[in-house]
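A.B. asks:
Protein chains: 2
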Amino acid sequence: MPESHRDDIRNLALFSDMAEENFEALMRGAYVQNFPPRVDLAVEGDTPDFLHIILSGSVDLFSSWNGRETSMATVRPVSTFILAASINDAPYLMSARTLEKSRIVLLPSQDVRDVFMKDGDFARAIVTELAQCYRSVIKNTKDLKLRTSLERLANYLLRQKNRSGSLEFDLVMEKRRLASFLGMTPENLSRAFKGLEPYGVKVQGNHIVITDLDDLARFARPNPLIDDHHA
Amino acid sequence: MPESHRDDIRNLALFSDMAEENFEALMRGAYVQNFPPRVDLAVEGDTPDFLHIILSGSVDLFSSWNGRETSMATVRPVSTFILAASINDAPYLMSARTLEKSRIVLLPSQDVRDVFMKDGDFARAIVTELAQCYRSVIKNTKDLKLRTSLERLANYLLRQKNRSGSLEFDLVMEKRRLASFLGMTPENLSRAFKGLEPYGVKVQGNHIVITDLDDLARFARPNPLIDDHHA
DNA sequence: TCGCTCGCTTGACATTTATCAAGCGACTTT
DNA sequence: AAAGTCGCTTGATAAATGTCAAGCGAGCGA
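Protein sequences appear in the order of chains X and W.
In our numbering, each residue's number is its place in the first sequence (first place is 1) plus 55.
In our numbering, each residue's number is its place in the second sequence (first place is 1) plus 55.
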């Protein structure tokens, strides 16, 4: 494990407060691996042998049932997944697959649970992390249940605008995956983009331009209790 | 605070492992209150002044946006809500309202955070609780995104069957709220019940009889990674 | 460069779900 | 008992969303 990776991990809120010796113990069992795109890292139902930390690239979390599949979230550096299963030693509820070439740290779940049991600061950091994850999923549920697909797309675009800090930005994922993430079909996403044109949204390939922010916001009605990440 | 309530709370997984003195500290600031039906206990967006523990009755957690409203969950004794907001000191994402006459313990959030900061066992118990909540919401999202409303109802009925341990049971909530919880309108729930008749579901008012479990299960295709609570 | 693949788009159509309006029936109130 | 309320149901209709099939076009490899 190169020193720079060690520091990246140590700087994560999840690991920054724990005792040095416990962090060292975790790092001793850890190893870094490079994965090509489209590699399955975990399959739902599996027992969580490792806590994953993504250092570079991106990972798709998705779920399947009865031949259908839906994208649940995208994980980007530097962060961990899937923590809840590792700590609880319960089966994965989501599968994970690299979207691009990715560098990922694997921490044996048993080590994580051992340190969790003896390091209170680590336990508290996990609480903060899980509480954030929990709140994110609740927001996602509200988005799904309270909004139409057009409204979900409009609010998604506003969130991306805020993330990029510009009225002009590129989509960070394939449209087909965005569709799945937003709970609709690719065909419908295509139509939804057209449907937002009257509200000042220009789309060319992956490039989005919001030409009338007020108009879009008036339609989307963004709400901090659904759309503000980390709030 | 009567002694019996104290014990009910102490026996909750969330509080059973913590140091006695810390538990006492929490209880000193706590008070029990009886609420009539349909009382708002918390409104989404509010700051969480109290961690709530429900001793009897039932509480609806729901969310609103743009004039629409959806039921997110029902809390039943003995359990806590809304923990994540209290710990994070972040605004409620859901509103809470008593469904019936309910007895509820209010623990000042600041006290909870104070004890959380000094009691590692309490922190670990919170992790377990939050991880469970998180996994429940993930399952709910999968249910919503991967299934049609008819399939959601069918699987809901199978879950209730398992809870009651019988092929015959009463619905534990009003149909209108069940509809909202399952992400559909009351009209559609009515039609969905009819749609399940061919699969061996008999409905009379709140009373449900599953006359052909195999048939229903063949249609519903229940999955532990969506339907098993606490797994 | 040609031709292929693949994701995206479009149109026609089917299905699912919501909306609106009316009526039913249990329960409450007077 | 009569009238009213309220939740549930039903039917007609509309809107949203999904499916299927075809075609477009950028990027890639032969």
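For every residue, glycine included, the Cβ atom is placed at its ideal position computed from N, Cα and C.
On a predicted model such as this, the values are computed, not experimentally measured, just so you know.
Going by CA-CA distance only, name the one from W:GLN88, W:ASN210, W:VAL258 and W:VAL133 that's closest to PRO279 (chain W).
C.D. replies: As a working note, residue 279 (chain W) is residue 224 in the second sequence. For the residues W:GLN88, W:ASN210, W:VAL258 and W:VAL133, the minimum Cα distance to PRO279 (chain W) belongs to W:ASN210.
A.B. asks: So which residues of chain W does ILE142 (chain X) contact, with C-beta pairs closer than 7 angstroms?
C.D. replies: Against the first sequence, residue 142 (chain X) aligns to sequence position 87. The answer, in chain order, is VAL182 and ALA186.
A.B. asks: For MET167 (chain W) and chain X, any beta-carbon pair shorter than 8 angstroms?
C.D. replies: Counting from one through the second sequence, the residue named residue 167 (chain W) turns up at place 112. Inspection of the sequence shows that residue 167 (chain W) is occupied by Val rather than by Met. Between VAL167 (chain W) and chain X, the shortest Cβ-Cβ separation is not below 8 angstroms.
A.B. asks: Threshold first: 4 residues or longer. Then list the alpha helix (DSSP H) segments lying entirely within the segment 73-129 of chain W, N to C.
C.D. replies: 75-84
A.B. asks: Using DSSP with H/G/I as helix, E/B as strand and the rest coil, what is THR153 (chain W)?
C.D. replies: The residue you call residue 153 (chain W) lines up with position 98 of the second sequence. It is a strand residue.
A.B. asks: Answer yes if the segment 270-284 of chain W comes into contact with the segment 226-246 of chain W, meaning at least three C-beta pairs across the two stretches below 8 angstroms, and no otherwise.
C.D. replies: Contact between the segment 226-246 of chain W and the segment 270-284 of chain W is absent, because fewer than three Cβ pairs lie under 8 angstroms.
A.B. asks: Should the segment 213-223 of chain X be called in touch with the segment 216-225 of chain W, which here means at least 3 C-beta pairs below 8 angstroms?
C.D. replies: no
A.B. asks: Give the secondary structure of PRO57 (chain W) by DSSP, where H, G and I count as helix, E and B as strand, and everything else as coil.
C.D. replies: Within the second sequence, numbered from 1, the residue matching residue 57 (chain W) stands at position 2. Of the three classes helix, strand and coil, the one that applies to PRO57 (chain W) here is coil, per DSSP.
A.B. asks: Taking only beta carbons into account, state which residues of the segment 242-270 of chain X come closer than 7 angstroms to chain W, listed in chain order.
C.D. replies: none
A.B. asks: Run down chain W in chain order and give the residues with a C-beta less than 8 angstroms from the C-beta of THR102 (chain X).
C.D. replies: On the first sequence, residue 102 (chain X) is found 47 positions in, with the first residue counted as 1. What THR102 (chain X) touches in chain W: nothing, since even the nearest Cβ is about 13 angstroms away.
A.B. asks: For chain W, is any of its Cβ atoms less than 8 angstroms away from the one on PHE274 (chain X)?
C.D. replies: Position 219 of the first sequence, counted from the first residue, corresponds to residue 274 (chain X). Cβ-Cβ to chain W under 8 angstroms: no for PHE274 (chain X).
A.B. asks: Can you find the residues in the same chain that come closer than 8 angstroms, C-beta to C-beta, to LYS197 (chain W), ignoring five residues on each side of it along the sequence?
C.D. replies: Taking the second sequence and counting its residues from 1, one reaches residue 197 (chain W) at position 142. So the list reads LEU280 and ILE281, once near-sequence residues are dropped.
A.B. asks: First and last residue of the alpha helix (DSSP H) that includes ASP169 (chain X)?
C.D. replies: The residue labelled residue 169 (chain X) in the question sits at position 114 within the first sequence. First-last of the alpha helix (DSSP H) with ASP169 (chain X): 164-173.
A.B. asks: Excluding sequence positions up to five away, which residues of its chain have a Cβ less than 7 angstroms from the Cβ of GLN88 (chain W)?
C.D. replies: As a position in the second sequence, residue 88 (chain W) is number 33, starting the count at 1. ILE159 and LEU161.
A.B. asks: Do we get a CB-CB distance below 8 angstroms when we pair ALA139 (chain X) with the residues of chain W?
C.D. replies: Taking the first sequence and counting its residues from 1, the one referred to as residue 139 (chain X) is at position 84. By this cut-off, ALA139 (chain X) is an interface position.
A.B. asks: What residues from chain W crowd round ILE159 (chain X), counting only those whose CB sits closer than 7 angstroms?
C.D. replies: If you number the first sequence from 1, residue 159 (chain X) lands on position 104. Simply none; closest approach about 21 angstroms.
A.B. asks: Name, going along the chain, the residues of the segment 189-213 of chain W whose beta-carbon falls closer than 9 angstroms to a beta-carbon of chain X.
C.D. replies: TYR189, ARG190, VAL192, ILE193, LYS194, ASN195, THR196, LYS197, ASP198, LEU199, LYS200, LEU201, ARG202 and GLU206
A.B. asks: Can we count PRO146 (chain W) as close to the ligand MN, meaning its CB is less than 7 angstroms from some heavy atom?
C.D. replies: The ligand MN is not part of the structure shown, which contains no ligands of any sort.
A.B. asks: What residues in its chain sit with their C-beta under 6 angstroms from that of PHE136 (chain X), if we drop five residues either side in the sequence?
C.D. replies: Position 81 of the first sequence, counted from the start, is the residue given in the question as residue 136 (chain X). Answer for PHE136 (chain X): HIS107 and VAL130, listed in chain order.
A.B. asks: Can you list the residues of chain W that GLU19 (chain X) reaches, using a CB-CB cut of under 8 angstroms?
C.D. replies: A question about residue 19 (chain X) goes unanswered here, because the residues of chain X that appear run from 56 up to 286.
A.B. asks: According to DSSP, simplified to helix, strand and coil, what is ASP62 (chain X)?
C.D. replies: Here residue 62 (chain X) refers to the residue found at position 7 when the first sequence is read from its first residue. ASP62 (chain X): helix per DSSP, three-state reduction.
A.B. asks: Does LEU233 (chain W) come out as helix, strand or coil in the three-state DSSP assignment?
C.D. replies: Working through the second sequence from its first residue, we reach residue 233 (chain W) at position 178. When DSSP states are grouped into helix, strand and coil, LEU233 (chain W) belongs to the helix group.
A.B. asks: If you follow the beta strand (DSSP E) that PHE134 (chain X) is in, where does it begin and where does it stop?
C.D. replies: The sequence position of residue 134 (chain X) within the first sequence is 79, counting from 1. The question names Phe, but residue 134 (chain X) is Ser in the sequence shown. Looking at the DSSP string, the run of the beta strand (DSSP E) that includes SER134 (chain X) is 134-136.
A.B. asks: Starting from the beta carbon of ARG83 (chain X), find every residue of chain W whose beta carbon is closer than 7 angstroms, and list them in chain order.
C.D. replies: As a first step, residue 83 (chain X) must be located in the first sequence, where it is residue number 28. Correct list: empty, because the minimum Cβ distance to chain W is about 22 angstroms.
A.B. asks: If we ignore side chains and look at the alpha-carbon of each, how far apart do PHE177 (chain W) and VAL256 (chain X) end up?
C.D. replies: Against the second sequence, residue 177 (chain W) aligns to sequence position 122. Against the first sequence, residue 256 (chain X) aligns to sequence position 201. For PHE177 (chain W) and VAL256 (chain X), the distance between alpha carbons rounds to 49 angstroms.
A.B. asks: Nearest CA to the CA of THR102 (chain W): which residue from W:ALA145, W:ASP269, W:VAL133 and W:ILE64?
C.D. replies: For the purposes of this step, residue 102 (chain W) is taken as the residue at position 47 of the second sequence. Of the listed residues, the one whose Cα sits closest to THR102 (chain W) is W:ALA145.
A.B. asks: Write down the C-beta distance between SER118 (chain X) and LEU201 (chain W) rounded to the nearest angstrom, noting that I regard them as a contact closer than 8 angstroms.
C.D. replies: As a position in the first sequence, residue 118 (chain X) is number 63, starting the count at 1. As a position in the second sequence, residue 201 (chain W) is number 146, starting the count at 1. Correct: roughly 7 angstroms between the Cβ atoms.
A.B. asks: Do we get a CB-CB distance below 8 angstroms when we pair THR125 (chain W) with the residues of chain X?
C.D. replies: Your numbering for residue 125 (chain W) matches position 70 in the second sequence. Yes, THR125 (chain W) counts as interfacial toward chain X.
A.B. asks: Ends of the beta strand (DSSP E) at ASP225 (chain X)?
C.D. replies: For this step, residue 225 (chain X) is matched to residue 170 along the first sequence. Judged by DSSP secondary structure, ASP225 (chain X) falls within the beta strand (DSSP E) whose first and last residues are 223-225.
A.B. asks: So for ARG276 (chain W), helix, strand or coil by DSSP?
C.D. replies: The residue you call residue 276 (chain W) lines up with position 221 of the second sequence. It is coil, neither helix nor strand.
A.B. asks: For ILE142 (chain W), which option in W:LEU208, W:ARG207 and W:GLU184 has the closest C-alpha, if you only look at C-alpha atoms?
C.D. replies: Here residue 142 (chain W) refers to the residue found at position 87 when the second sequence is read from its first residue. Comparing Cα positions, the closest option is W:GLU184.
A.B. asks: Counting along the chain, where does the beta strand (DSSP E) carrying HIS284 (chain W) start and finish?
C.D. replies: As a working note, residue 284 (chain W) is residue 229 in the second sequence. Looking at the DSSP string, HIS284 (chain W) is not in any beta strand (DSSP E), and its letter there is neither H nor E.
A.B. asks: Do GLY84 (chain W) and PRO132 (chain W) count as a contact pair if the criterion is CB distance below 8 angstroms?
C.D. replies: As a first step, residue 132 (chain W) must be located in the second sequence, where it is residue number 77. As a first step, residue 84 (chain W) must be located in the second sequence, where it is residue number 29. Contact flag unset, no.
A.B. asks: Residues of chain W with CB closer than 9 angstroms to the CB of SER118 (chain X), please, in chain order.
C.D. replies: Along the first sequence, one-based indexing puts residue 118 (chain X) at 63. Chain W residues near SER118 (chain X): ILE193, THR196, LYS197, LYS200, LEU201, LEU280 and ILE281.
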